[in-house]
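Inspection log for the structure reproduced underneath, given as structure tokens.
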Amino acid sequence: MMNTVHIDLCPVCSNGGCTETLICKDHLATGELFSIYQCPGCGFAFTQNFPCENEIGKYYDAPEYISHSDTHQGIINSLYHWARKIALKSKTKIASKYSSKNAETLLDIGSGTGYFLQAMRLKKWIVTGIEKSKPTREYAHKKFGLNIQDAEYLFDMPDKIKDVVTMWHVLEHIEKLNETMANLHRILKNDGVLIIALPNKKSADALAYKEEWAAYDVPRHLWHFSPDDFTYFAEKHNFRIEKTKAMYFDPFYIAMLSEKNKGTFAASLVGLIKGTVYFIQSLFSTRRCSSIIYILKKK
Ligand SMILES: [Zn+2]
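Numbering (our numbering), first residue to last: -11 to 287.
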């Protein structure tokens, strides 16, 4: 019997009336079904009865999850690598632009293979990474000579020592949601900036694909935010949202993946076409975009 985490009270607003809204399939690793519950109070949603921390490993155990691969195969893969390069550049720009004048220290949580940290280090930032996967930490060390810390490091860090903390599609994977957010507030300097990228469950593509939306990604994604409930969550932890930005590649990527999950014929092509429609919608409103970058400052 698998050990799971059952949630009774909404982790964001403590409402007790959360109910099932969707049943999603793990398309990546196991084919198992998981329920998504939604809070009637604040609108926040979460994966119910997700595997506990020491059992979730097998759900990451799929070849596709090595987004760390350096292989180039086919046109989709080339596009993906091209998009990743541009996305990396835009991440470094955002981190520099929204940090305070004399900022020099940056912590990236869920630093993966270390490409972002390395890019920031080349811009003279003093960088630290946290990554819970040991093989991935070792990869970053081998590839870039980065010394990456394990997940517990965040909770042991001193107060107010970082200028910038980034989490690129990471918070939705972390079981200790409130504890993590509280610690982010603690370790940031008073004029520090917190940058969090998250999928958006109210995006045009999410509303169209419903339970087939690839960014539900159960049970790896535990928390499912919209701009409204994330704002509420940020305020609760004494942050204010300074700015939101759309991630323009995500509508394409998520539509392609969602079509593949549905078993659509020529899924990549269909996804690319539909992704273009969702992309155009997100040009008109960040709130419609598949993924959003939130730039937060301490209140
Ligand atoms: Zn709630």
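Beta carbons are placed, not taken as given, at the ideal position from N, Cα and C, and that holds for glycine.
Is residue i near ligand 1, judged by its Cβ being under 6 Å from some heavy atom?
i      : result
Val258 : no
Gly29  : yes
Asn166 : no
Cys277 : no
Phe218 : no
Phe34  : no
Val0   : yes
Asn3   : yes
Roughly how many whole angstroms lie between the Cα atoms of residue i and residue j?
i      : j      : result
His56  : Pro123 : Low per-residue confidence applies at His56: pLDDT is 44, beneath 50, and the placement is therefore not dependable, though the value from the model is reported in the following sentence. If I take the Cα positions, the gap works out to 11 Å.
Val158 : Ile97  : 7 Å
Thr154 : Leu94  : 8 Å
Ile229 : Thr219 : 7 Å
Gly45  : Leu67  : 29 Å
Arg275 : Asn188 : 8 Å
Lys250 : Ala17  : 15 Å
Gln137 : Arg125 : 8 Å
Phe253 : Ala202 : 17 Å
Lys112 : Ile149 : 17 Å
Cys6   : Ser214 : 16 Å
Glu20  : Ala75  : 32 Å
Glu163 : Lys231 : 26 Å
Excluding the five sequence neighbours on either side, which residues of its own chain have a C-beta within less than 6 Å of the C-beta of residue i, listed in chain order?
i       : result
Asn(-9) : Cys40 and Glu43
Asn3    : Cys27 and Gly29
Please list, in chain order, all residues of the same chain as residue i whose beta carbon is under 7 Å from its beta carbon, the five residues on each side excluded.
i      : result
Asp58  : Unreliable positioning characterises Asp58 in this predicted model, as indicated by a pLDDT of 47, which lies under 50. The coordinate reading is nonetheless provided below. Nothing listed; no residue qualifies.
Thr35  : Phe22, Ile24, Val206, Pro207, His209 and Leu210
Ala83  : Leu94, Met108, Val152, Thr154 and Ile183
Lys79  : Phe104 and Trp156
His225 : Met169, Ala170 and His173
His60  : With a pLDDT of 47 at His60, under the threshold of 50, the modelled position of that residue is not reliable, and no figure is offered here.
Met244 : Ala255, Ser256, Gly259, Leu260 and Gly263
Excluding the five sequence neighbours on either side, which residues of its own chain have a C-beta within less than 8 Å of the C-beta of residue i, listed in chain order?
i      : result
Lys287 : Glu223, Asn226, Phe227 and Arg228
contact_flag[the stretch 223 to 238, the stretch 194 to 202] where n(CB pairs < 8 Å) is 3 or more
Because the criterion of three Cβ pairs below 8 Å is not met, the stretch 223 to 238 and the stretch 194 to 202 do not touch.
Count Cβ pairs between the stretch 248 to 267 and the stretch 158 to 171 that sit closer than 8 Å; are there 3 or more?
no
Which parts of the stretch 156 to 190 are runs of the beta strand (DSSP E), unbroken and 3 residues or longer, counting only runs that do not cross its ends?
Whole beta strand (DSSP E) segments, 3+ residues: 176 to 187.
Using 8 Å as the cut-off, can you tell me whether the stretch 113 to 120 makes contact with the stretch 139 to 146, which would need three or more C-beta pairs spanning the two stretches below that distance?
yes
Jot down the residue ranges of each uninterrupted beta strand (DSSP E) in the stretch 96 to 143, minimum 3 residues, whole runs only, in chain order.
Runs of the beta strand (DSSP E) lying entirely within the stretch 96 to 143, each at least 3 residues long, are 114 to 118 in chain order.
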